[in-house]
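Single-structure report; data block below.
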Amino acid sequence: MLVYNSRLVGTPVLSVQASGPIAEVTEPIVNPDNLKILAFKLTGPIVNATNNILDVKSIREYSHLGMVIDDNDELIGPSDVVKIQKVLDLNFSLIGLKVETRKGTKLGTIIDFTATSDDFTIQQIIVKRPLVKSFIDPELIIHRREIVEITDYKVIVKDEEKTIKARASKEDFVPNFVNPFRTHEPGFAPADTKTLADEDN
Numbered sequence: 319m320l321v322y323n324s325r326l327v328g329t330p331v332l333s334v335q336a337s338g339p340i341a342e343v344t345e346p347i348v349n350p351d352n353l354k355i356l357a358f359k360l361t362g363p364i365v366n367a368t369n370n371i372l373d374v375k376s377i378r379e380y381s382h383l384g385m386v387i388d389d390n391d392e393l394i395g396p397s398d399v400v401k402i403q404k405v406l407d408l409n410f411s412l413i414g415l416k417v418e419t420r421k422g423t424k425l426g427t428i429i430d431f432t433a434t435s436d437d438f439t440i441q442q443i444i445v446k447r448p449l450v451k452s453f454i455d456p457e458l459i460i461h462r463r464e465i466v467e468i469t470d471y472k473v474i475v476k477d478e479e480k481t482i483k484a485r486a487s488k489e490d491f492v493p494n495f496v497n498p499f500r501t502h503e504p505g506f507a508p509a510d511t512k513t514l515a516d517e518d519n
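To convert, take the position in the sequence shown, counting from 1, and add 318; that gives our numbering.
Shown next as structure tokens:
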């Protein structure tokens, strides 16, 4: 299943040991070399500079209720994993990057992206079109296979703009596994149990 970055931000992190939420996602840490989310930056009452990172390898399950981990010890500091620290040092973010073709045709600016819910590999980038072109194609959905290069300032895609799917409809994520937080647990706010369909209404 695919999940939008805009829905990942703010996602609760749920601890089996604590029987409820312990933090929430503030932003993903994306590796520009392979377009995979390595980890997530967190905030919360128990989070500080030494444990504000959640490695995706520590996520036991993911659904519309949140990211489930075993316990608080799964949270790490920025320097605890060398690979994560190296990506953090790049200060890279997909959001806001310009997108253009190899021939230099400007397609727009990245406003969102989708990733798989199992390994958090980025599959598509959502591009807001320039004002002049937005009347025809307000947004472009560009698959990762169309991307040929990523720099600090822009994403370069293949020249065949007609192969890029425009105005694709957004799909809600539907979990297909057992989640221990489906039933109400002490310390788990009922508001967090609303479905994605509820959010869209």
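Using N, Cα and C, we set each Cβ at its ideal position, and we do this for glycine too.
Residue i versus residue j - alpha carbon distance
{"i": "LEU356", "j": "PRO346", "result": "8 Å"}
{"i": "TYR338", "j": "PRO448", "result": "Rather than Tyr, the amino acid found at residue 338 in this sequence is Gly. The alpha-carbon atoms of GLY338 and PRO448 are separated by roughly 43 Å."}
{"i": "VAL400", "j": "PHE410", "result": "16 Å"}
{"i": "LYS421", "j": "ASP436", "result": "35 Å"}
{"i": "GLN442", "j": "ASN369", "result": "30 Å"}
{"i": "SER381", "j": "LEU412", "result": "23 Å"}
{"i": "LYS375", "j": "THR434", "result": "14 Å"}
{"i": "PHE358", "j": "ASP477", "result": "33 Å"}
8 Å contact criterion, which residue i and residue j should meet: CB distance rounded
{"i": "GLU464", "j": "LYS446", "result": "Not confirmed; about 17 Å, so no contact."}
{"i": "LEU406", "j": "LEU393", "result": "Not really, about 15 Å apart at Cβ, beyond 8 Å."}
Distance CB(residue i)-CB(residue j) smaller than 7 Å
{"i": "ILE440", "j": "LEU353", "result": "yes"}
{"i": "ILE387", "j": "ARG378", "result": "yes"}
{"i": "THR469", "j": "MET385", "result": "no"}
{"i": "ASP331", "j": "ALA341", "result": "According to the sequence shown, residue 331 is Val rather than Asp. Yes; because the gap between Cβ atoms is below 7 Å, this pair is in contact."}
Neighbour flag for residue i against chain D, beta carbons, 7 Å
{"i": "LYS359", "result": "Judged by its chain identifiers, the structure shown contains no chain D, having just a single protein chain."}
Residue interval of the alpha helix (DSSP H) (run including residue i)
{"i": "SER324", "result": "323 to 326"}
Residue i, enclosing beta strand (DSSP E) - first and last residue
{"i": "VAL331", "result": "330 to 333"}
{"i": "ASN349", "result": "338 to 349"}
{"i": "MET385", "result": "384 to 387"}
{"i": "ASP373", "result": "371 to 373"}
{"i": "SER381", "result": "379 to 381"}
{"i": "PRO357", "result": "Reading off the sequence, residue 357 comes out as Ala, not Pro. That run of the beta strand (DSSP E) goes 354 to 361."}
At 4 residues or longer, and completely inside the stretch 389 to 473: list those alpha helix (DSSP H) runs for me, N to C. 400 to 408
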